[in-house]
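Read the structure below first, then the notes.
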Amino acid sequence: MVTIQLFGMTKMLAGNQGTLSLSLHDGKRVKDLVSVIDAAYPKIGELLQKKKVLVSVNQEIAHEDLEVNDGDEIALLPPFAGGNR
Amino acid sequence: MVTIQLFGMTKMLAGNQGTLSLSLHDGKRVKDLVSVIDAAYPKIGELLQKKKVLVSVNQEIAHEDLEVNDGDEIALLPPFAGGNR
Amino acid sequence: MSLEQVTKADQPATDDEAMLVRVQREDFSIDEELKRVRRRSKRIGGIAMFLGTARDRSKGKDVDGITFEHYEGMAQKKLREIRERAIKDFGVIEVLVLHRYGEITIGENIVLIIAAAEHRAEAFRACQWAIDELKQITPIWKLEHTPEGEVWVEEHP
Amino acid sequence: MSLEQVTKADQPATDDEAMLVRVQREDFSIDEELKRVRRRSKRIGGIAMFLGTARDRSKGKDVDGITFEHYEGMAQKKLREIRERAIKDFGVIEVLVLHRYGEITIGENIVLIIAAAEHRAEAFRACQWAIDELKQITPIWKLEHTPEGEVWVEEHP
């Protein structure tokens, strides 16, 4: 069971939940996590596939091959928008 | 008779006078003014010749051929140093 | 909370450094933030600053207000990285990076960068790099409130 | 004093504009100066600022203090030209230019430029151009007080 923090539009697309709790059965890599999310929340899955939403593990952007371990801090990051241009 | 405002190092070179009063006999152009200053204050004259000190007439940098008229506001401007670099 | 953070909180001497990178709900005073930076060195001669404020228009639409959401922990980590890299890479004396979250009224402060150096050229370079980098790497999101509804803004599509 | 200036002094409505370009002995608050700029428009989203302060060293020598002398009238005229050209040439919304004269203690404020725009790129460009131009064209002179005596500084030999 992993817990995933959601922000901005991904929170909205998950029905305004701040976190998702998911079970990883078929593999423990970031790409396996993305598959599970895609099945449950296809709109978020599409943004993840397009790399518009990124996965962070322990507060760093994670490669899809990175292995996820118990206790890791995982989040979905929509496009950033700090301040004004 | 023209009055010339002095600033910074030119004021120091004129014995800490804030203004110079000079009579222009041989011509009324900025270059004639420079000749008169050169005769009275050769150190300032040297800086004027080298264009390290500039002459302003009515608050604009003046060409040496500009004619000086009664009532003109004249000043000697050493190198500027606004603020810090 | 890491041991390092606990230690810092216990030592008033390093309090200033922790205050140089913040994500906070409250508004801030530029004079107060400048004081924090300036008391770090008497060698400072040129200070470049960027202040981002809430505009009443964005891409041709009216905006009534903005809400910023941030990823607590990662946002601070990225801002600390920006401060450290700006100091190291641009040869400036001190850098402050401050971003607000929560609801922001039109005209209010959003983000402040202060880059203090001996001379102005490096202060400007560090300041401009820091705000560009902040927008690239900091997990902060912007919800614009418009007459047509609320929109999560994608500045980097 | 010209008729234009008399008229301006009589009209409180334009007081703000006159306050946007000043040469003054007194210190200033950046927050207060920012307020003057910001109340000119709600479209402001990016504000670039430059603050020049008195360093304790200059070209390898210790400095105990600085005295600035200015040419009253011409200095203000040149600063007004800088403000107007910055607004016109860089497409920014508002610019403030402020310079102190008289004795300045180490660490104190000397010069402030604020350039406010919709977006940050033009604010930075206008701010950097304005401070560069100020140093080129404004009749202000700097006397540095050092342990070895007083020196009129030539930044532009």
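Protein chains in written order, with our numbering: chain A, 1 to 85; chain B, 1001 to 1085; chain C, 2001 to 2157; chain D, 3001 to 3157. Where is the CB? At the ideal position from N, CA and C, for every residue including glycine.
*asked:* Spatial neighbours of residue 2078/C within its chain, please: C-beta separation below 6 angstroms, excluding the five flanking residues on both sides.
replied: Position 78 of the third sequence, counted from the start, is the residue given in the question as residue 2078/C. Result list for residue 2078/C: 2137, 2138, in chain order.
*Going by DSSP, which residues form a beta bridge with residue 2061/C?*
Stepping through the third sequence from its first residue, residue 2061/C is reached at position 61. According to DSSP, residue 2061/C bridges with 2058/C.
*So the beta strand (DSSP E) residue 2138/C belongs to, where does it begin and stop?*
As a first step, residue 2138/C must be located in the third sequence, where it is residue number 138. Neither: residue 2138/C is in no beta strand (DSSP E) and is coded neither H nor E.
*Could you please give the first and the last residue of the uninterrupted alpha helix (DSSP H) stretch that includes residue 1008/B?*
Position 8 of the second sequence, counted from the first residue, corresponds to residue 1008/B. 1008 to 1013 is the extent of the alpha helix (DSSP H) around residue 1008/B.
*Please classify residue 37/A: does DSSP put it in a helix, a strand, or coil?*
By 1-based counting over the first sequence, the position of residue 37/A is 37. The answer is helix: DSSP assigns residue 37/A an H, G or I state.
_Measuring CB atoms only, is the stretch 2017 to 2024 of chain C touching the stretch 2094 to 2111 of chain C, in the sense that at least three cross pairs come out at less than 8 angstroms?_
yes
*Pick from 2110/C, 2056/C, 2088/C, 2102/C that is closest to residue 2147/C, judged by C-alpha positions*: As a working mapping, residue 2147/C is identified with position 147 in the third sequence. The residue with the shortest Cα to Cα distance from residue 2147/C is 2056/C.
*Selection from 3084/D, 3129/D, 3029/D that minimises the alpha carbon distance to residue 2035/C*: Translated into the one-based positions of the third sequence, residue 2035/C becomes position 35. Nearest neighbour of residue 2035/C by Cα position, chosen from 3084/D, 3129/D, 3029/D, turns out to be 3029/D.
*asked:* Given a cut-off of 8 angstroms on the beta-carbon distance, is the pair residue 2066/C and residue 2116/C in contact?
replied: Locating residue 2066/C in the third sequence gives position 66, where the first residue counts as 1. Locating residue 2116/C in the third sequence gives position 116, where the first residue counts as 1. Cβ atoms of residue 2066/C and residue 2116/C: not closer than 8 angstroms.
*So which residues of chain A does residue 2061/C contact, with C-beta pairs closer than 9 angstroms?*
Within the third sequence, residue 2061/C is the residue found at index 61, counting from 1. By Cβ distance, chain A contributes nothing, its closest Cβ being about 14 angstroms from residue 2061/C, past 9 angstroms.
*Would you tell me roughly how many angstroms separate the C-alpha atoms of residue 3048/D and residue 2038/C, rounded to the nearest one?*
As a first step, residue 3048/D must be located in the fourth sequence, where it is residue number 48. As a first step, residue 2038/C must be located in the third sequence, where it is residue number 38. The C-alpha of residue 3048/D lies about 18 angstroms from the C-alpha of residue 2038/C.
*Who are the neighbours of residue 2118/C on chain D, taking C-beta pairs under 9 angstroms?*
Here residue 2118/C corresponds to residue number 118 of the third sequence, with the count starting at 1. Neighbours of residue 2118/C on chain D, chain order: 3055, 3057.
*Per DSSP, which residues does residue 57/A bridge with? Please list them.*
Your numbering for residue 57/A matches position 57 in the first sequence. DSSP lists 60/A, 74/A as partners of residue 57/A.
*In terms of residue numbering, what span does the alpha helix (DSSP H) encompassing residue 2026/C cover?*
Against the third sequence, residue 2026/C aligns to sequence position 26. Neither: residue 2026/C is in no alpha helix (DSSP H) and is coded neither H nor E.
*residue 2134/C versus residue 35/A: straight-line alpha-carbon distance, rounded*: Here residue 2134/C refers to the residue found at position 134 when the third sequence is read from its first residue. Here residue 35/A refers to the residue found at position 35 when the first sequence is read from its first residue. Roughly 30 angstroms between the two C-alpha positions.
*asked:* Based on DSSP bridge pairs, tell me the residues matched to residue 2047/C.
replied: Translated into the one-based positions of the third sequence, residue 2047/C becomes position 47. According to DSSP, which records beta bridges pairwise, residue 2047/C is partnered with 2116/C, 3051/D.
_Helix, strand or coil at residue 1017/B according to DSSP, with G and I counted as helix_ = Indexing the second sequence from 1 puts residue 1017/B at position 17. Looking at residue 1017/B - three-state DSSP - the assignment turns out to be coil, as it is neither helix nor strand.
*When Cβ atoms are compared, which residues of the stretch 2072 to 2091 of chain C fall closer than 7 angstroms to chain A?*
2073, 2074, 2077
_Proximity winner among 1031/B, 1028/B, 1001/B, 1047/B, relative to residue 1011/B (alpha-carbon distances)_ = Counting from 1 along the second sequence, the entry for residue 1011/B is found at position 11. If we check each option's Cα against that of residue 1011/B, 1047/B comes out closest.
_Taking a contact to mean a Cβ-Cβ separation below 8 angstroms, would you say residue 1057/B touches residue 1072/B in this structure?_
As a position in the second sequence, residue 1057/B is number 57, starting the count at 1. As a position in the second sequence, residue 1072/B is number 72, starting the count at 1. Taking 8 angstroms as the Cβ cut-off, residue 1057/B and residue 1072/B qualify as a contacting pair.
*What's the gap between the Cα of residue 37/A and the Cα of residue 75/A?*
The residue given as residue 37/A occupies position 37 in the first sequence. The residue given as residue 75/A occupies position 75 in the first sequence. Going from the Cα of residue 37/A to the Cα of residue 75/A covers about 12 angstroms.
*asked:* Just verifying my parser: in three-state terms, what is the DSSP assignment at residue 3091/D?
replied: Within the fourth sequence, numbered from 1, the residue matching residue 3091/D stands at position 91. Coil at residue 3091/D, not helix or strand.
_Counting only Cβ pairs nearer than 7 angstroms, list the residues of chain D close to residue 1059/B._
Your numbering for residue 1059/B matches position 59 in the second sequence. Here the neighbours are 3073, 3074, 3077.
*Are there 16 or more other CB atoms within 10 angstroms of the CB of residue 3156/D, so buried, or fewer, so exposed?*
For the purposes of this step, residue 3156/D is taken as the residue at position 156 of the fourth sequence. Because residue 3156/D sits at a pLDDT of 45, beneath the cut-off of 50, its placement in the model cannot be relied upon, and the point is left open.
*For the alpha helix (DSSP H) that residue 3037/D lies in, which residues bound it at each end?*
The count along the fourth sequence starts at 1 and reaches residue 3037/D at position 37. Run containing residue 3037/D: 3030 to 3038, per the alpha helix (DSSP H) assignment.
*Does any CB atom of chain C fall closer than 8 angstroms to the CB of residue 66/A?*
Within the first sequence, residue 66/A is the residue found at index 66, counting from 1. Not one chain C Cβ lies under 8 angstroms of residue 66/A.
*Are the Cβ atoms of residue 2113/C and residue 2054/C separated by less than 8 angstroms?*
Sequence index remark: in the third sequence, residue 2113/C carries index 113 (1-based). Sequence index remark: in the third sequence, residue 2054/C carries index 54 (1-based). Against a cut-off of 8 angstroms, the Cβ pair of residue 2054/C and residue 2113/C comes out as no contact.
*Among the residues of its own chain, which have a CB less than 8 angstroms from the CB of residue 7/A, if the five just before and after it don't count?*
Within the first sequence, the letter at position 7 stands for residue 7/A. Closer than 8 angstroms at the Cβ level, and outside the excluded window around residue 7/A, lie 75, 76, 77, 78.
*Whose Cβ in chain D lies nearer than 8 angstroms to the Cβ of residue 1075/B?*
Translated into the one-based positions of the second sequence, residue 1075/B becomes position 75. Correct list: 3071, 3074, 3139.
*Short Cβ contact (8 angstroms threshold) for residue 81/A with residue 2141/C*: As a first step, residue 81/A must be located in the first sequence, where it is residue number 81. As a first step, residue 2141/C must be located in the third sequence, where it is residue number 141. Yes, the pair counts as a contact, with Cβ atoms nearer than the cut-off.
*Kindly list, in the order they appear in chain D, the residues whose Cβ is closer than 7 angstroms to that of residue 1071/B.*
Here residue 1071/B is taken as the residue at index 71 of the second sequence, counted from 1. What residue 1071/B touches in chain D: nothing, since even the nearest Cβ is about 15 angstroms away.
*Mapping DSSP to helix, strand and coil, what is residue 2106/C?*
Here residue 2106/C corresponds to residue number 106 of the third sequence, with the count starting at 1. Reduced to three states, the DSSP call for residue 2106/C is coil.
*Would you kindly report the start and end of the unbroken beta strand (DSSP E) that includes residue 3150/D?*
Taking the first residue of the fourth sequence as 1, we reach residue 3150/D at position 150. Note, residue 3150/D: beta strand (DSSP E), 3149 to 3153.
*Hey, is residue 2028/C close to the ligand NAP, as in C-beta under 7 angstroms from one of its heavy atoms?*
The ligand NAP is not part of the structure shown, which contains no ligands of any sort.
*asked:* For residue 9/A, count the other beta carbons within 10 Å of its own beta carbon; 16 or more makes it buried, fewer makes it exposed. Which is it?
replied: In the first sequence, residue 9/A corresponds to position 9, counting from 1. Looking at its Cβ environment, which holds 16 or more other Cβ atoms inside 10 Å, residue 9/A is buried.
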